[in-house]
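What follows is one structure encoded as structure tokens, with my remarks underneath.
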Amino acid sequence: MSKKINISEIIQEMVNEYPFIKKKPRPKCIGMGDSGRSDLSAQANELLWQDK
């Protein structure tokens with residue numbers, strides 16, 4: 830005879846254990862190339878050589 834699984838107990842256990850799970854650091858390259866500018870390639874030379 831198998832034991833019935835109580836979903837609420839499983840969820841509660843997961844919530845209690847979650848803070849102790851070591852999260853992997855995200856790669857530093859995430860978000861590279863996301864400047865938010867849609868015209869970046871058209872204006873690349875202007876942007877590269879402008880005076881700051």
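The number in the numbering used here is simply the position in the sequence shown, starting from 1, with 829 added.
A virtual CB, placed ideally from N, CA and C, is assigned to each residue, including glycine.
Asked, Found
"Quick check: what's the CA-CA separation for K853 versus I836?", "27 Å"
"How would you write the range of the alpha helix (DSSP H) that S836 sits in, first residue to last?", "At residue 836 the sequence reads Ile, which differs from the Ser that was named. 836-846 is the span of the alpha helix (DSSP H), which, as asked, contains I836."
"Between which two residues does the alpha helix (DSSP H) holding A873 run?", "873-877"
"Taking only the alpha-carbon atoms, compute the straight-line gap between K857 and I839 and give it to the nearest angstrom.", "34 Å"
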